[in-house]
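All remarks here apply to the structure that follows.
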Amino acid sequence: MTTIVNATASPQLGISAEQADLLNQQAWALRASDTAQALELAEAAQRAAEQLGYRPGLAQSMAILAYCHLRLNNYEHAREHALAALDLFEQVGDLAGQADALNTLGNIYSGLGEHHSALEIYLQSLALRRELGDQRAQAASLNNIGNVYYHLADYPNALESHRRSLAIKRGLGDEQGVAFSLNNIGNIYKDARDFEQARQRYHESLSAFQAIGDSYGEAGALSNLGEVYAALGDPAAALDYYTRSLAIEQAIGNQSGVAESLLLLGQLALAHPGLPAGGDALGYLQRALMYAHELKAQELIYKCHHALSEAFERQGDFAQALEHYRAFYAAERIIFNEALSEKTKKLQILYQVEASQHEAALQRAEAEVARIRNDELAAALANADHQRAIAEQASRTKSELLSISAHDLKNPLNAISGYADLVLMLLDSDSPAREFVEKMLLAAQHMLNIINQVLESNAAESGHVNLHRRHFDLSELAATTVAQNRSLAAQKNQTLRFEAEPGCFVEADDLRLQQVLDNLLSNAIKFSPLGSTIDMRVAHRPAGITASVQDQGPGLTDADLGRAFGKFTRLSAAPTAGESSTGLGLFIVKQLVDLHGGQVLAENNQPGPGSTFMVVLPPGPGVAP
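This is the structure in structure tokens:
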């Protein structure tokens with residue numbers, strides 16, 4: 000779980016964020032051992048966080064509720080809470096929480112049998128965990144991705160994902176994780192019928208479980224080895240491993256494991272009557288059936304009756320054979336009906352998911368139609384001022400829709416980046432396909448940069464940017480910005496020159512102003528000829544502290560000067576090296592400067608070619624006018 004911060008309190012309600020956090024912590028601790036109790040605690044945390052308006056705590060409670068509902072196979076409730084958690088984690092900027100919520104969402108779709116959807120979501124989670132550098136979480140994501148490929152019978156990709164997970168676990172010293180990964184790899188080889196490779200991995204897994212004293216894991220590895228040796232035609236070795244597995248299962252009191260081991264021993268004895276235990280097939284199978292009935296394990300009951308029917312038939316006891324065959328058939332019908340019921344339930348959930356998505360889209364469309372009709376009616380009745388207000392509302396709505404669209408594009412682009420990263424890891428270093436995949440990755444990253452600019456411009460335009468002001472020298476910030484852009488200018492053989500007067504202090508948000516200066520400087524580099532010179536100057540002026548960028552480009556037309564800072568405005572000049580332009584950079588500059596109470600000006604150089612963009616900011620306290 001991610002760390003909870005930003006605690007608040009509400010004396011009027013008698014609750015605090017710390018109490019919500021404590022409830023979440025208690026719920027998380029009980030999630031596996033007492034899921035029902037964990038559910039109650041998480042719901043209490045949810046109520047407390049909602050009353051407080053405490054979004055980090057609410058995000059955590061939603062994530063825990065999703066996890067608990069998934070454990071209880073309540074897939075629809077799990078999905079609703081996982082999506083709510085994901086949205087809240089995005090709002091509070093918690094990347095680790097987003098990655099965890101995506102991972103839970105992937106588990107939900109995997110449980111519903113929607114493995115392709117699960118794979119896409121797991122890849123998004125993996126991309127975030129890579130960004131955070133969380134090795135342990137990356138190993139878990141790769142393990143989940145490997146399991147999806149395994150269910151899809153894509154054994155090469157399943158092996159690659161589990162091997163990468165294994166490598167990370169070894170680097171972390173996660174001995175139990177290593178043992179489970181080796182076992183998973185053995186399962187893949189076994190299903191791919193590469194029994195020799197499966198045998199080797201299971202032996203490594205067995206040694207790892209023994210080294211850490213994990214008796215459950217050791218018993219499972221021994222049983223797996225028994226199955227592999229049976230498949231390799233070595234029933235004596237299979238008998239040895241099954242017997243050792245049974246002894247451990249009995250010692251630790253794992254009734255289910257005892258029943259499984261007895262069934263495997265009975266099936267082996269039935270297939271190989273010449274073994275030392277070959278004459279005891281009935282004994283093994285009858286004991287297995289007894290345990291299966293105690294456990295109410297229908298699948299085990301079904302298998303035991305089937306094997307017993309065959310065993311009695313071989314002995315010539317056809318009455319008993321028929322009785323067990325009838326019991327086998329009855330158990331098979333129960334299993335089939337349960338599976339059909341479960342499948343139907345999952346299909347109903349998937350249908351409800353699609354229906355709710357369709358209904359939400361329909362409601363949005365109807366609301367949009369109603370809004371447009373209302374706008375048209377208002378426009379027909381309103382005066383010029385009212386019409387201007389409608390136009391402004393339409394612009395805001397367009398920006399909101401654009402922001403929503405841009406936001407919704409981020410997850411698919413992250414998935415594309417994740418797939419591209421995965422493909423690059425699978426390709427050899429000299430593969431000719433690497434160039435195309437790298438281009439695909441660069442294109443996705445370029446698109447993400449554009450989306451981030453769109454979101455940034457909308458936030459600035461709507462006033463949703465919070466400034467964190469501090470007292471600092473603008474000259475130092477400008478010098479840093481110039482240094483960061485020198486390599487970009489060098490690619491076009493351009494010279495960056497910097498001049499600054501001392502003591503140019505301002506009271507401003509340094510990160511936002513660096514964004515302003517970086518946009519102006521990168522624009523100058525983009526539109527200036529190769530080999531030209533670009534100047535940045537910081538100075539005291541009567542109007543305030545100024546930062547200017549002067550280039551040697553083609554300059555601005557009269558039309559350009561009138562619309563230079565408009566949204567999505569492309570000026571008459573074209574980038575000199577084929578660079579792309581969104582038309583948002585100068586718009587963002589103006590919005591951020593306006594928020595600081597400053598001005599941004601544009602003019603053509605006189606004399607000489609090019610143009611100058613100047614930012615004027617109020618001087619900070621203690622700066623002489």
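If you use numbering that gives the first Met the number 0, the sequence shown corresponds to residues 0 to 624, in order.
Glycine included, every Cβ here is placed at the ideal spot set by N, Cα and C.
For residue 413, tell me which candidate among 115, 129 and 22 has the shortest Cα-Cα distance.
For the purposes of this step, residue 413 is taken as residue 414 along the sequence shown, with counting starting at 1. Nearest option by C-alpha distance: 129.
Verify whether the separation of the beta carbon atoms of residue 107 and residue 64 is less than 8 Å.
Mapped onto the sequence shown, residue 107 falls at position 108. Mapped onto the sequence shown, residue 64 falls at position 65. No.
At 4 residues or longer, what runs of the alpha helix (DSSP H) sit wholly inside the segment 42–97?
Complete alpha helix (DSSP H) runs here, min 4: 54–70 and 74–91.
Can you grab the Cα-Cα spacing for the pair residue 583 / residue 96, in whole Å?
Taking the sequence shown and counting its residues from 1, the one referred to as residue 583 is at position 584. Taking the sequence shown and counting its residues from 1, the one referred to as residue 96 is at position 97. Rounded to the nearest whole angstrom, the CA to CA distance from residue 583 to residue 96 is 31 Å.
Residue 218 and residue 258 closer than 8 Å at C-beta:
Walking along the sequence shown from the start, residue 218 turns up at place 219. Walking along the sequence shown from the start, residue 258 turns up at place 259. Contact: no.
Skipping 5 residues on each side, what residues in its chain have a beta carbon closer than 8 Å to that of residue 89?
The residue given as residue 89 occupies position 90 in the sequence shown. Excluding positions up to five away in sequence, the list reads 97.
Output needed for residue 81: all residues of its chain with C-beta closer than 7 Å, excluding positions within five of it in sequence on either side, in chain order.
Within the sequence shown, the letter at position 82 stands for residue 81. Correct list, in chain order: 65, 100, 103, 104 and 107.
Nearest neighbour of residue 481, chosen from 537, 468, 502 and 615 [CA to CA]
As a first step, residue 481 is located in the sequence shown; it is residue number 482 there, counting from the start. Here the closest residue by C-alpha is 537.
Along the chain, which unbroken stretches of the alpha helix (DSSP H) at least 4 residues long are found entirely within the segment 106–166?
114–131 and 134–150
Quick check: the Cα distance between residue 78 and residue 116, rounded to an integer number of angstroms?
Sequence index remark: in the sequence shown, residue 78 carries index 79 (1-based). Sequence index remark: in the sequence shown, residue 116 carries index 117 (1-based). Approximately 13 Å, taken between the alpha carbons.
Going by alpha carbons, who is nearest to residue 201 out of 234, 225, 191 and 213?
As a first step, residue 201 must be located in the sequence shown, where it is residue number 202. Here the closest residue by C-alpha is 225.
Looking at C-alpha atoms only, which residue of 57, 121 and 324 is the closest neighbour of residue 93?
By one-based count along the sequence shown, residue 93 stands at place 94. With distances taken between Cα atoms, residue 93 lies closest to 57.
Within the continuous beta strand (DSSP E) that includes residue 603, where are the two ends?
As a first step, residue 603 must be located in the sequence shown, where it is residue number 604. Start and end: 598–603.
Distance, Cα to Cα, residue 290 vs residue 86?
Numbered from 1 along the sequence shown, position 291 holds the residue referred to as residue 290. Numbered from 1 along the sequence shown, position 87 holds the residue referred to as residue 86. Each residue's alpha carbon lies about 47 Å from the other.
For residue 550 versus residue 609, is the C-beta spacing smaller than 8 Å?
One-based indexing of the sequence shown puts residue 550 at position 551. One-based indexing of the sequence shown puts residue 609 at position 610. Result yes, Cβ atoms of residue 550 and residue 609 sit closer than 8 Å.
Please state the DSSP three-state secondary structure of residue 207.
Indexing the sequence shown from 1 puts residue 207 at position 208. Correct three-state label for residue 207: helix.
State the Cα-Cα distance for the pair residue 212 and residue 175, rounded to the nearest angstrom.
One-based indexing of the sequence shown puts residue 212 at position 213. One-based indexing of the sequence shown puts residue 175 at position 176. Their Cα atoms are separated by approximately 10 Å.
Can you tell me which of the three DSSP states residue 495 falls into?
As a first step, residue 495 is located in the sequence shown; it is residue number 496 there, counting from the start. Residue 495: strand per DSSP, three-state reduction.
Residue 317 classed as buried or exposed, judged by whether at least 16 other C-beta atoms fall within 10 angstroms:
For the purposes of this step, residue 317 is identified with residue 318 of the sequence shown, where counting begins at 1. Exposed, by the Cβ-count rule.
With DSSP collapsed to three states, give me the class of residue 521.
What you label residue 521 is simply residue 522 of the sequence shown in a count that begins at 1. Note: residue 521 maps to helix in three-state DSSP.
In whole angstroms, what separates the C-alpha of residue 507 from that of residue 30?
Against the sequence shown, residue 507 aligns to sequence position 508. Against the sequence shown, residue 30 aligns to sequence position 31. The alpha-carbon atoms of residue 507 and residue 30 are separated by roughly 46 Å.
Would the segment 118–133 count as touching the segment 162–169 if we require 3 or more Cβ pairs under 8 Å?
No, the segment 118–133 is not in contact with the segment 162–169.
Nearest to residue 573 (by Cα), restricted to the options 547, 119, 594 and 528
What you label residue 573 is simply residue 574 of the sequence shown in a count that begins at 1. Looking at the Cα atoms, 528 is the closest of the given residues.
Inter-residue spacing [alpha-carbon to alpha-carbon] between residue 191 and residue 21
By 1-based counting over the sequence shown, the position of residue 191 is 192. By 1-based counting over the sequence shown, the position of residue 21 is 22. Distance between the alpha carbons of residue 191 and residue 21: 47 Å.
Exposed or buried, residue 250, counting other C-beta atoms within 10 Å across all chains shown (16 or more means buried)?
Locating residue 250 in the sequence shown gives position 251, where the first residue counts as 1. Classification of residue 250: exposed, given that the 10 Å Cβ count is below 16.
Cα-Cα separation, residue 113 to residue 152
Position 114 of the sequence shown, counted from the first residue, corresponds to residue 113. Position 153 of the sequence shown, counted from the first residue, corresponds to residue 152. So the alpha carbons of these two residues sit roughly 14 Å apart.
Same chain only: Cβ atoms within 7 Å of residue 145, ignoring 5 sequence neighbours per side
Position 146 of the sequence shown, counting from 1, holds the residue named residue 145. Closer than 7 Å at the Cβ level, and outside the excluded window around residue 145, lie 157, 160, 161, 164 and 183.
Can you round the beta-carbon distance between residue 523 and residue 477 to whole angstroms, since I take them to be within the 8 Å contact cut?
Locating residue 523 in the sequence shown gives position 524, where the first residue counts as 1. Locating residue 477 in the sequence shown gives position 478, where the first residue counts as 1. Residue 523 to residue 477, Cβ: 13 Å. No contact.
I'd like the list of long-range same chain contacts for residue 299, defined as Cβ closer than 6 Å, with 5 residues on each side in sequence excluded.
Position 300 of the sequence shown holds residue 299. Hits under 6 Å: 258 and 291.
Inside the segment 237–284 only - beta strand (DSSP E) runs reaching at least 3 residues:
none
Would you mind working out which of 293, 234 and 261 sits nearest residue 271, comparing C-alpha positions?
For this step, residue 271 is matched to residue 272 along the sequence shown. Residue 271 has its Cα closest to that of 234, out of 293, 234 and 261.
Out of 601, 588 and 543, state which residue places its alpha-carbon closest to the alpha-carbon of residue 554.
Taking the first residue of the sequence shown as position 1, residue 554 is located at position 555. Closest option to residue 554, Cα to Cα, is 601.
Within this structure, are the beta carbons of residue 274 and residue 238 separated by less than 8 Å?
Here residue 274 refers to the residue found at position 275 of the sequence shown. Here residue 238 refers to the residue found at position 239 of the sequence shown. A contact, by the Cβ cut-off of 8 Å.
Residue 616 - partner residues in DSSP beta bridges
Position 617 of the sequence shown, counted from the start, is the residue given in the question as residue 616. According to DSSP, which records beta bridges pairwise, residue 616 is partnered with 544.
What are the boundary residues of the alpha helix (DSSP H) that residue 593 is part of?
Residue 593 sits at position 594 when you count from the first residue of the sequence shown. Per DSSP, residue 593 belongs to the alpha helix (DSSP H) from 584–594.
Could you name the residues of the same chain whose beta carbon sits closer than 6 Å to that of residue 596, not counting the 5 residues immediately before and after it, in chain order?
Translated into the one-based positions of the sequence shown, residue 596 becomes position 597. Apart from the 5 residues on each side of it in sequence, residue 596 sits with its Cβ closer than 6 Å to the Cβ of 617 in its chain, given in chain order.
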